[in-house]
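Visitor: One structure follows; several queries about it will come next.
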Amino acid sequence: MSTVTETGTGSTSRGNSSVAPQGGSRRSGWQRHRSWVLPVAGAALALVFLAPYIVMLLNSLRPSSDVVQTPPTFFPREWQLSTYSQILTDERFLNWLKTSVIVAGSSTLIVILVSIPAAYYTARFRFPGRMAFLLLVLVTQMFSPTALVVGIYREWFNFNMVNTYAALILTNAAFNLAFAVWILHGFFASIPKEVEEAANLDGCSRFGTLRRVMLPLTMPGIVTAVIFTFIAAWNEYVVALTLMLDESKKPLTVGITSYVTGYEQHWDQLFAAAIVAIVPVVVLFAVIEKHLVGGLTAGSVK
Numbered sequence: 001m002s003t004v005t006e007t008g009t010g011s012t013s014r015g016n017s018s019v020a021p022q023g024g025s026r027r028s029g030w031q032r033h034r035s036w037v038l039p040v041a042g043a044a045l046a047l048v049f050l051a052p053y054i055v056m057l058l059n060s061l062r063p064s065s066d067v068v069q070t071p072p073t074f075f076p077r078e079w080q081l082s083t084y085s086q087i088l089t090d091e092r093f094l095n096w097l098k099t100s101v102i103v104a105g106s107s108t109l110i111v112i113l114v115s116i117p118a119a120y121y122t123a124r125f126r127f128p129g130r131m132a133f134l135l136l137v138l139v140t141q142m143f144s145p146t147a148l149v150v151g152i153y154r155e156w157f158n159f160n161m162v163n164t165y166a167a168l169i170l171t172n173a174a175f176n177l178a179f180a181v182w183i184l185h186g187f188f189a190s191i192p193k194e195v196e197e198a199a200n201l202d203g204c205s206r207f208g209t210l211r212r213v214m215l216p217l218t219m220p221g222i223v224t225a226v227i228f229t230f231i232a233a234w235n236e237y238v239v240a241l242t243l244m245l246d247e248s249k250k251p252l253t254v255g256i257t258s259y260v261t262g263y264e265q266h267w268d269q270l271f272a273a274a275i276v277a278i279v280p281v282v283v284l285f286a287v288i289e290k291h292l293v294g295g296l297t298a299g300s301v302k
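For the sequence shown, the UniProt record's numbering gives the first residue as 1, with consecutive numbering after it.
Here's what the structure looks like:
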């Protein structure tokens, strides 16, 4: 019996020892390949997202006739940098850029100033109709600006505000306010009430607690709302096309289409204007990203 047991155990041990190296070999093989598979996959994915911007950049550096040539070439046959100097000295383009900055910046400021107290109140206080209010805020996100554009135009026409910055700013703020309230509501609700109680014991008023304690802790949410609102207002097209009639008051999204019409096709200027239009958004994100890290650190210290 002992001989059989020993033999069985020995065979089992030998069987296990023969199987284990195979699994280990597979794992070690993946470990060897992972060092280059993951970077290659990441680079390929990044290339997919960057491809449109690369095409725009290359087309902005070639003559307009070279853009539509057949057969097409990836790199320009003739490199030119004068396109950027042309659009940056074009008074129309500068007016469009000014309008976009004013509208996007003002809309973002209004959204943040309104959404912070609204989100804080709904997260910290219980009042009749609270859930109905939050549901109504969520439902407003389901309406498309395209479906509402006729009513929006009629409303501002009755107030004699068509072709004004105020109409476009308030419309963009209204479209993005619901998202900001929902984002900040979640951040305020996730903060323990004991944090506020401790601040109240230290002598902080309700407003002082909001300003000194709650806002630093919700800074990541505020940054998210700022970035989303600014980008949405910066990229808005349908309402701006409907409300802004003067050429000098059009934002970039509407104005740059003037470079390609039925009579003139300035493809190089169109692509150059699109590249320049991306820069403010990239700069905003780069600047606010630092404040996002600072907000996270301040929240942990608090």
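Think of the CB as a built atom: it goes at the ideal place given N, C-alpha and C, for glycine as much as any other residue. All figures in this text were calculated on a predicted structure; none of them were measured in a lab.
Check whether the Cβ atoms of residue 214 and residue 196 lie closer than 9 Å to each other.
Guide: Yes, they are a contact pair.
Visitor: Tell whether a beta-carbon distance below 9 Å holds between residue 62 and residue 268.
Guide: yes
Visitor: With three or more beta-carbon pairs closer than 8 Å as the criterion, would you say the segment 250-266 touches the segment 74-82?
Guide: Counting C-beta pairs closer than 8 Å gives fewer than three between the segment 250-266 and the segment 74-82, which falls short of the contact rule.
Visitor: Taking the straight line between their C-alpha atoms, what separation do you get for residue 224 and residue 263?
Guide: 42 Å
Visitor: Could you give the uninterrupted runs of the alpha helix (DSSP H) lying entirely in the segment 118-203, keeping only those of 4 residues or more?
Guide: 130-140, 145-158, 165-190 and 193-201
Visitor: Between the Cα of residue 173 and the Cα atoms of 41, 104, 129 and 91, which residue gives the shortest distance?
Guide: 104
Visitor: Once the 5 residues before and after residue 210 are set aside, which same chain residues still bring their CB inside 7 Å of it?
Guide: The residues are 120.
Visitor: Starting from the N-terminal side, write out each stretch of the alpha helix (DSSP H) that is 4 residues or longer and does not extend beyond the segment 68-124.
Guide: 82-88 and 91-124
Visitor: Answer yes or no: do residue 153 and residue 272 have a C-beta to C-beta separation smaller than 9 Å?
Guide: no
Visitor: Just list the alpha helix (DSSP H) runs in the segment 218-251, keeping only unbroken ones of 4 residues or longer that don't cross its boundaries, in chain order.
Guide: 219-235 and 238-243
Visitor: Buried or exposed, going by whether 16 or more other CB atoms sit within 10 Å of the CB of residue 60?
Guide: Residue 60 comes out buried.
Visitor: Give the straight-line distance between the Cα atoms of residue 233 and residue 136, rounded to the nearest whole angstrom.
Guide: 22 Å
Visitor: Excluding five sequence neighbours on each side, which residues of the same chain lie with their C-beta closer than 8 Å to the C-beta of residue 79?
Guide: 61 and 62
Visitor: DSSP beta-bridge partners for residue 260?
Guide: 265
Visitor: Could you give the residue range of the alpha helix (DSSP H) that holds residue 206?
Guide: 206-209
Visitor: Assign residue 63 to one of three DSSP states: helix, strand, or coil.
Guide: In the structure shown, residue 63 sits in coil (DSSP, three-state: anything other than H, G, I, E or B).
Visitor: Measure from the alpha carbon of residue 64 to the alpha carbon of each residue in 47, 82, 144 and 117, then state which is nearest.
Guide: 82
Visitor: Could you check whether residue 277 and residue 168 sit closer than 9 Å to each other, using their CB atoms as the reference points?
Guide: no
Visitor: Buried or exposed: residue 150, going by 16 or more other Cβ atoms within 10 Å of its Cβ?
Guide: exposed
Visitor: Do you know offhand how far residue 245's Cα is from residue 165's?
Guide: Their Cα atoms are separated by approximately 11 Å.
Visitor: DSSP three-state label for residue 297, please.
Guide: Because residue 297 carries a pLDDT of 43, less than 50, the predicted location of this residue cannot be relied on, and the following value inherits that uncertainty. Residue state, collapsed to three classes: helix.
Visitor: Short check: CB of residue 288 to CB of residue 227, under 9 Å?
Guide: yes
Visitor: How would you call residue 100, buried or exposed, if buried means at least 16 neighbouring beta carbons within 10 angstroms?
Guide: buried
Visitor: Judging by CA-CA distance, which residue of 92, 163, 58 and 122 is the nearest neighbour of residue 188?
Guide: 122
Visitor: Report buried or exposed for residue 243, applying the criterion of at least 16 other Cβ atoms within 10 angstroms of its Cβ.
Guide: Residue 243 should be labelled buried.
Visitor: Grab me the residues of residue 237's own chain with a C-beta within less than 6 Å of its C-beta, minus the 5 sequence neighbours each way, in chain order.
Guide: 253
Visitor: Taking the CB atoms as reference points, tell me whether residue 208 and residue 199 lie closer together than 9 Å.
Guide: yes
Visitor: Are the beta-carbon atoms belonging to residue 180 and residue 229 less than 9 Å from one another?
Guide: yes
Visitor: Within its chain, find whatever has a CB closer than 7 Å to the CB of residue 115; leave out the 5 residues flanking it on each side and keep chain order.
Guide: 177, 180, 181, 184 and 225
Visitor: Which one of 96, 144, 134 and 90 has the shortest CA to CA distance from residue 247?
Guide: 96
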